[in-house]
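Note sheet for the following structure.
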Amino acid sequence: SADSPPVTPSNLCKPRRLYISFSDVGWENWIIAPQGYMANYCLGECPFPLTAELNSTNHAILQTMVHSLDPQGTPQPCCVPVRLSPISILYYDNNDNVVLRHYEDMVVDECGC
Amino acid sequence: LSLQESLLLKSLGLSTKPSPKTPVPVPSVLWRIFQNRKTSPSTNKGLEDACRVEEFNVPGNIIRVFADQGHFVHNRQPQALLCLQKRLYFNLSVLEEGEHLTMAQLEIKFSHNSYHASGQGRVFELRLYQTSQMSLRGMPSRESSRTLLVEQSFAQLHKSLLFNLSGVAKDWRTYSKNLGLILEISVDGGDGASATGGLQSLCASIDSFLDTSLLVVTLSQQQCRASRRRRR
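Take a look at the structure:
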């Protein structure tokens with residue numbers, strides 16, 4: 067879909083496509099919509115030097131530098147979500163009421179070190 | 046349930062996996078809000094506040110539409126000019142303890158617009174009472190056991206009427222005493238109703254009364270507070 071992350075092979079830290087299908091988990095009889103959604107996840111390296119597009123914190127820059135000097139003693143910084151989006155789910159509750167519920171931070175838009 | 050499934054349900058704020066018995070059509074207002082959110086441009090997706098319902102400008106992340114579970118009250122002695130009297134009851138017990146009610150809106154729906162000549166602009170009176178004591182089934186409630194909430198006249202030109210019942214719904218939750226409402230619609234006595242062709246014909250156009258529902262917005266303090274803290 068239009069808002070799914072670009073598919074460019076790279077081992078740098080960035081969002082990876084992950085589609086969650088509600089019917090796969092057997093929830094299709096109570097979730098009205100959507101049938102699933104692109105949740106994505108973060109994966110990839112945070113190598114020294116950290117480039118600007120890796121959305122890194124100052125501490126991450128420091129940690130990559132120390133990692134480059136002492137790889138055994140200090141790991142690379144983590145690749146984590148830095149911008150997330152909400153989703154809305156329409157479903158039936160146990161009393162057959164229709165519920166529209168908004169959930170924050172359910173889609174990974176951007177990753178960072 | 047597998048452990049993973051129950052943990053996922055819990056993260057969605059659900060204690061158990063719902064098992065609907067007679068799924069009802071999705072209310073158009075919910076479908077419209079859902080579609081608006083789904084189609085909002087991805088550029089401001091991250092900026093959307095999932096803990097606020099922009100459409101009603103109130104805090105909240107859960108919107109429910111409750112169907113009315115009340116019944117019509119049939120008077121043994123028909124009251125002058127009264128077209129219908131109905132007990133309305135909305136079962137709010139499904140709201141979880143950690144949910145803070147921020148808005149409740151009653152919708153009275155008529156099956157059609159009355160723009161055609163027969164019903165054009167006939168004026169009715171509507172009264173809405175909060176019931177404070179139960180009366181026997183089918184018996185009209187006594188004056189002393191009900192409080193007048195709304196009294197207004199309306200010309201039946203529109204498909205539905207909306208009333209803000211946030212205060213009443215909050216009372217129901219705070220004092221866990223939800224005895225429902227009484228809706229009365231009568232012919233406006235002012236336009237010489239008694240002079241023309243009988244109560245039945247006067248009430249004919251109100252027969253298009255379809256149903257009532259209560260839209261309730263709540264804020265899950267568990268979900269909205271935790272995420273705010275994390276973001277900060």
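In order, the protein sequences belong to chains A and B. Heads up: the first sequence at position 29 corresponds to 95 in my numbering, and the numbers run straight through without jumps. Heads up: the second sequence at position 31 corresponds to 76 in my numbering, and the numbers run straight through without jumps. C-beta: ideal position from N, C-alpha, C; glycine also.
Is it true that the CB of T263/B sits closer than 8 Å to the CB of T147/B? Taking the first residue of the second sequence as position 1, residue 147/B is located at position 102. Taking the first residue of the second sequence as position 1, residue 263/B is located at position 218. Annotated as proximal: T147/B and T263/B, with beta-carbon spacing under 8 Å.
Tell me the rounded alpha-carbon separation between C145/A and G115/B. Along the first sequence, read from residue 1 onward, the residue named residue 145/A stands at position 79. Along the second sequence, read from residue 1 onward, the residue named residue 115/B stands at position 70. CA-to-CA, the gap between C145/A and G115/B works out to about 55 Å.
Do you know how far the Cα of K62/B is from the Cα of G187/A? No answer is possible for residue 187/A: the residues shown for chain A start at 67 and end at 179.
Among Y220/B, S265/B, F135/B and T219/B, which residue has its Cα nearest to the Cα of V256/B? Translated into the one-based positions of the second sequence, residue 256/B becomes position 211. In the sequence as displayed, the identity of residue 256/B is Asp instead of Val. Taking D256/B as reference, the option from Y220/B, S265/B, F135/B and T219/B with the minimal CA-CA separation is F135/B.
Pair every Cβ in the region 218 to 237 of chain B with every Cβ in the region 120 to 136 of chain A, then say whether three or more of these pairs are closer than 8 Å. No: the two stretches stay apart, fewer than three of their Cβ pairs being nearer than 8 Å.
In DSSP terms, what A112/B is bridged to: Residue mapping note: residue 112/B aligns to position 67 of the second sequence, counting from 1. As DSSP reads the structure, A112/B sits in a beta bridge with S258/B.
Neighbourhood of K55/B by C-beta distance below 8 Å, restricted to the same chain and skipping five residues each side: By one-based count along the second sequence, residue 55/B stands at place 10. Nothing meets the Cβ criterion.
Beta-carbon proximity list for W93/A, same chain, < 6 Å, skipping 5 on both sides: As a first step, residue 93/A must be located in the first sequence, where it is residue number 27. Answer for W93/A: no residue qualifies.
Using the DSSP secondary-structure output, state which residues sit across from I227/B in a beta bridge. Indexing the second sequence from 1 puts residue 227/B at position 182. Partner(s): R132/B and Y174/B.
Is the beta carbon of P70/B sitting closer than 8 Å to the one on W96/A? Here residue 70/B refers to the residue found at position 25 of the second sequence. Here residue 96/A refers to the residue found at position 30 of the first sequence. Contact flag unset, no.
Can you say whether N102/B is buried or exposed, counting buried as having 16 or more other CB atoms within 10 angstroms of its CB? Residue mapping note: residue 102/B aligns to position 57 of the second sequence, counting from 1. By the neighbour-count definition (other C-beta atoms within 10 Å, threshold 16), N102/B is an exposed residue.
Name the DSSP beta bridge partners of V74/B, please? The residue given as residue 74/B occupies position 29 in the second sequence. Answer is none; V74/B lacks a bridge partner.
Would you list, in chain order, the members of the region 64 to 76 of chain B that have their beta-carbon closer than 7 Å to a beta-carbon of chain A? Residues of the region 64 to 76 of chain B with a C-beta less than 7 Å from any C-beta of chain A: S64, P65, K66, T67, P68, V69, V71, P72 and L75, listed in chain order.
Could you list the residues in the region 135 to 149 of chain B with a C-beta less than 7 Å from some C-beta on chain A, going in chain order? So the close ones are N136 and V139.
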